[in-house]
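Report on the structure given below.
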Amino acid sequence: MALRIRVLLENHKGTGADKSLKARPGLSLLVEDESTSVLFDTGPDGSFMQNALAMGIDLSDVSAVVLSHGHYDHCGGVPWLPDNCRVICHPDIARERYAAMTFLGITRKIKKLSCEVDYSRYRMMYTRDPLPIGENFIWSGEIPVVAPEAYGIFGGHDAEPDSILDEGVLIYQSTKGLVIITGCGHRGIANIVRHCQNITGIKRIYALVGGFHLRCASPFTLWRVRRFLQEQKPEKLCGCHCTGAWGRLWLPEITAPATGDVLRF
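Position 31 of the sequence shown, counting from 1, maps to 243 under our numbering, and the rest follow consecutively.
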């Protein structure tokens, strides 16, 4: 086995997937090589765990759990994790956050995007910096962005913009290049790729897998992303979750992994 990614939860079910599997808006992936297994995100609730059991997967002995960022559709399933498991994430993972709308200078909360989780049950490793996981995996830490876009606000009375500074990605260093696994891509695919190249010293991108946050992107943004990916020439492009049908329409040779699918690299 080189690298295997099993889709425990995604917005849709894969073709021919077992009828017992549940699809929910969110993402949860089990990423494994010969020596290390990483659970990447947990979806919005315990559905990822139910699907894992239906797929014959035991999550009790994974090397680490990585949480990409603090939105409920990525860390809402944390309460279903076994006690004392190792969880890697940014220190801001638990900040209260909301989708918001501003009208006539007044900002109002629309929907809560975070969830309340008792992280004291786990062996938490909070870090803003890159962190190796086993021999070939790396947690990216914070992804620098020159002009970050706000995706909502934090809780509190000052309506502080939330640019998802806590978002990180999982990097796998293969002999063919980097496999970059994203939760939502809020920080921008180009920024994510460049950061991963900088911290590993590896320029070749073998695959991009996960959410690219393009479902509501403007044609100009999609054109820029497509042009960037054409320059990078990844061999495999697997966009799911928040990538959206609109985003995939602009990207050549992209596939859409879904609940129950197994990817091999």
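We put the CB at the ideal spot given by N, CA and C, even for glycine.
A312 sits close to I365, with the two beta carbons spaced by under 8 Å. Bridge pairing for T467: C450 [DSSP].
Here T455 is buried, its C-beta having at least 16 other C-beta atoms within 10 Å. Restricting attention to S280, Q409, K321 and A229, the CA atom closest to the CA of V250 is found in S280. Relative to K234, the option among F252, A214, E246 and P256 whose CA is nearest is P256.
Where I392 is concerned, the enclosing beta strand (DSSP E) starts and stops at G389 to T394.
In this structure, G423 and T394 form a Cβ contact; the two beta carbons are roughly 6 Å apart against a cut-off of 8 Å.
Two segments are said to touch when three or more pairs of C-beta atoms, one from each, lie closer than 8 Å; by this definition the segment 394 to 406 does not touch the segment 256 to 276.
Per DSSP, reduced to three states, the secondary structure at A235 is coil, with no helix or strand assignment. DSSP places R309 outside any alpha helix (DSSP H); the residue lies instead in the beta strand (DSSP E), whose first and last residues are R309 to F315. Within the model, the alpha-carbon separation for D295 versus E328 is close to 16 Å. At the C-beta level, I345 and I300 come within 8 Å of one another. Remark: fewer than three beta-carbon pairs, one from each stretch, lie closer than 8 Å, so the segment 372 to 381 and the segment 221 to 230 are not flagged as touching.
Under DSSP, A276 shares a beta bridge with V250. DSSP lists R216 as the bridge partner or partners of R476.
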